[in-house]
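Engineer: I'd like to ask some things about the structure below.
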Amino acid sequence: MESQKQVIERLRTAFRSGVTTPLQFRLKQLEALLSLLEDNEPQILEAMHKDLAKPKFEAVLSEVDLVVNDLCHTISNLHSWMQPSYVGKNLATKFDDCFVRREPLGLVLIIGAWNYPLQLIVAPLIGAIAAGNCAILKPSEISKATEQLLSALIPKYLSQECYAVICGGAEETKLLLENRFDHIFYTGSQAVARSILQAAAVYLTPVTLELGGKCPCLIYGRLDIKAGAKRLVWAKFFNVGQSCVAPDYVLCTTEMRDALVPAIREALEEFYGPQAQQSPDYGRIITDRHYDRLMELLGKSEGKVVIGGDGAKEDRYMAPTVIVDLKESDALMQEEIFGPILPIITIESLDQGISFINQREKPLALYVFSDESQIVTTVLERTSSGGFCSNDGIVHMTLPGLPFGGVGASGMGSYHGRWTFETFSHRRGCMLRGWGLERISMLRYPPYSERRLGW
Ligand code: NAD
């Protein structure tokens, strides 16, 4: 079996040969990736069901279809994205060719997390291929079935010279990170991101960090509470709350909370029946360790559980849970929950809600539910977050036109659609000069005069 170093060397040699650069090669690989997804959809869905008991609909919507859409969008637009963009010129460069050229970076490393085990590897890979790079993929070892399937399928469909999957956990990833890459694209926790940055610093490797955090959902002013509760419940309990963009907690007034809790209860019952454990549409917690972490967090909380709170460890089932009367210092408010627990924090005014958000790290997504556009605009203008969506959750990340990524502690860089292509491209500023206009050119040579050149 090849060592990590041999794989890296092999891919580097392929990159240096220039094989990944032509449009036709990139398109062929993207089409092969599309075939991989189309030919193997049942196996892919089965693997994600094994890993997370992912309901088929959720897996198709948020993993397979999401990357298929991104692939089709990229295939249709790649030729135009690869064209140089010409820039404005001045008198001194009037007859020159001045343009930005998108060039591949080289060999890139893509490290994925377990919660969307297909999407978090394939979506960055689309841009890495489109931009003409070679890539090493390191799926999460925690979502084992999907990791194994990807490592079996990728070499069957994509050029083995240019793309490889390396399996393993923290130790294997640390070893991998001792090597030089031209870009590291990491999705995962803030804690591990720090060691990724340290490893990248050795070679000054640029990184994209797709991290998490606590995404607030501010519900304020007039709105249809029933519809609001349905959208909130869907976004929060999709993938059992194990989404980086799941609403982590709700901020609302006491009156709103009193109306919201029964509406949430009703929505939950409508979606998952009286016992979510029996519902085929409700997934499971990824591992025993995460189950214990969530139950421990709930146990430490001083809030009052008004919905759910129970679970079955042997099944890694945790009931959709809503908790109220929490203080800011509550255990549930100290870290990203990443599970099916929804705390509701009460506020007295919109200002208080905005300053609650602004006192914390910048979130990956920020949600505002309100029928009053002035409220939505005020929150949009007075806060900062990776992405923003009003009156819904998660759906903003399905549009390839919108950059997806964090800001501050929720990450750096972005991707999806053209943004992934840009992430994996170097924008080379080029000026192709001729020998004309020497009289103007001469003006810059010493001995200098007081004249202004006006570049
Ligand atoms: P994680 O950081 O534990 O693991 C992610 C990857 O890092 C895995 O491939 C793992 O093998 C590797 N890894 C783990 N420990 C490592 C170490 N010490 N050194 C090097 N590599 C290591 O994250 P996770 O638990 O898999 O994912 C959960 C986090 O990811 C949450 O915070 C969530 O919000 C975030 N997330 C963000 C996005 C996004 O797009 N922004 C998407 C999904 C998840």
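Mapping to the UniProt record's numbering: the sequence shown position 133 is 133, numbers consecutive. By construction, the Cβ of each residue, glycine as well, lies at the ideal position given by its N, Cα and C atoms. Quick caveat: nothing in here was measured; it's all calculated off a predicted structure.
#1: Go ahead and pull the three-state DSSP assignment for Ile-75.
#2: Could you round the C-beta distance between Tyr-155 and Asn-133 to whole angstroms and report it? I think they count as a contact, below 8 Å.
#3: Could you tell me if the beta carbon of Phe-185 falls within a distance shorter than 7 Å of some heavy atom in the ligand NAD?
#4: Tell whether a beta-carbon distance below 8 Å holds between Asn-239 and Glu-58.
#5: Going by alpha carbons, who is nearest to Gly-299 out of Ala-263, Glu-348, Ser-17, Ile-341?
#6: If we count Cβ pairs, one from each stretch, closer than 8 Å, do we get three or more for the segment 111 to 120 versus the segment 55 to 72?
#7: Checking 8 Å against the spacing of the C-beta atoms, do Asp-182 and Thr-208 come in under that value?
#8: Report buried or exposed for Ile-357, applying the criterion of at least 16 other Cβ atoms within 10 angstroms of its Cβ.
#9: Under the criterion of a Cβ to heavy atom distance below 7 Å, does Glu-361 qualify as lining the ligand NAD?
#10: Measuring from the CB of Ile-285, is there a heavy atom of the ligand COA at a distance below 7 Å?
#11: When you measure from the CB of Phe-238 to every non-hydrogen atom of the ligand NAD, does any distance come out below 7 Å?
#12: When burial is assigned at 16 or more other CB atoms within 10 Å of the CB, is Tyr-291 buried or exposed?
#13: So, using beta-carbon positions, are Arg-222 and Asp-371 closer together than 8 Å?
#14: Below 8 Å, can you find three or more Cβ-Cβ pairs linking the segment 183 to 203 to the segment 322 to 335?
#15: Note down the Cα distance separating Gln-278 from Ala-152, rounded to an integer number of angstroms.
#16: Beta carbon of Phe-271: closer than 7 Å to some heavy atom of the ligand NAD?
#17: Between the Cα of Arg-289 and those of Asn-77, Lys-89, Ile-142, Thr-74, spot the shortest distance and give me the residue it belongs to.
#18: Check Met-412 in the structure and name its three-state DSSP category.
#19: Do the CB positions of Leu-211 and Ala-229 come within less than 8 Å of each other?
#20: Suppose only complete runs of 3+ residues qualify. What are the beta strand (DSSP E) ranges in the segment 352 to 414, listed by chain order?
#21: Alpha carbon to alpha carbon, what distance is there between Val-379 and Tyr-163?
#22: Unbroken alpha helix (DSSP H) runs of length 4 or more, entirely within the segment 234 to 272: which are they?
#23: So which of Gly-353, Tyr-86, Gln-275, Asn-77 has the shortest CA-CA distance to Gly-401?
#24: Counting only the same chain and skipping the five closest in sequence on each side, list residues whose C-beta sits under 6 Å from that of Ser-425.
#25: Roughly how many angstroms lie between the CA atoms of Arg-16 and Glu-41, to the nearest whole one?
#26: Enumerate in chain order the residues of its own chain whose CB-to-CB distance from Asp-315 is below 8 Å, with the five nearest sequence positions on each side excluded.
#27: Check each candidate in Asn-179, Ser-159, Ser-140 and name the one with the smallest Cα separation from Gly-169.
#28: Strictly by DSSP, which residues pair up with Cys-167?
#29: For Arg-382, does the count of other Cβ atoms within 10 angstroms reach 16, so buried, or fall short, so exposed?
#30: Using the C-alpha atoms, what's the distance from Leu-364 back to Gly-405?
#31: Starting from the N-terminal side, write out each stretch of the alpha helix (DSSP H) that is 4 residues or longer and does not extend beyond the segment 87 to 154.
#32: Quick one: Cα of Thr-187 to Cα of Leu-109, how far?
#33: To which residues of the same chain is Thr-13 closer than 6 Å at the C-beta, ignoring the five residues directly before and after it?
#34: What does the Cβ neighbour count give for Gln-24, buried or exposed, with the cut at 16 atoms within 10 Å?
#35: Hey, could you find the ends of the beta strand (DSSP E) Arg-427 is sitting in?
#36: Would you say the beta carbon of residue 472 is closer than 7 Å to some non-hydrogen atom of the ligand NAD?
Structural biologist: Walking through what the data contain:
#1: helix
#2: Looking at the sequence shown, residue 155 is not Tyr but Pro. Actually they are not in contact, since the Cβ atoms of Pro-155 and Asn-133 sit about 17 Å apart, beyond 8 Å.
#3: no
#4: yes
#5: Ile-341
#6: Contact between the segment 111 to 120 and the segment 55 to 72 is present, because at least three Cβ pairs lie under 8 Å.
#7: no
#8: buried
#9: Not so, every heavy atom of the ligand NAD lies at least 7 Å from the Cβ.
#10: Absence of the ligand COA is noted for the structure shown, with the ligand NAD being the only ligands found.
#11: no
#12: The residue in question, Tyr-291, is buried, as its Cβ has 16 or more Cβ neighbours within 10 Å.
#13: Judged by their CB atoms, Arg-222 and Asp-371 are nearer to each other than the 8 Å cut-off.
#14: no
#15: 33 Å
#16: no
#17: Ile-142
#18: strand
#19: no
#20: The segment 352 to 414 contains these whole beta strand (DSSP E) runs: 365 to 369, 387 to 390.
#21: 43 Å
#22: 254 to 272
#23: Nearest to Gly-401 by alpha-carbon distance, out of Gly-353, Tyr-86, Gln-275, Asn-77, is Asn-77.
#24: Closer than 6 Å at the Cβ level, and outside the excluded window around Ser-425, lie Arg-102, Ala-131.
#25: In a straight line, the C-alpha of Arg-16 is about 34 Å away from that of Glu-41.
#26: The residues Gln-277, Arg-284, in chain order, have a CB closer than 8 Å to that of Asp-315 in the same chain once the five nearest residues on each side in sequence are set aside.
#27: Ser-140
#28: Paired residue(s): none; Cys-167 is not in a bridge.
#29: exposed
#30: 7 Å
#31: 119 to 130
#32: Their backbone Cα atoms lie some 11 Å apart in a straight line.
#33: none
#34: The residue is exposed, with fewer than 16 neighbouring Cβ atoms inside 10 Å.
#35: Taken as a continuous stretch (DSSP letters only), the beta strand (DSSP E) holding Arg-427 covers 425 to 432.
#36: No answer is possible for residue 472: it lies beyond the span of the chain, which begins at 1 and ends at 455.
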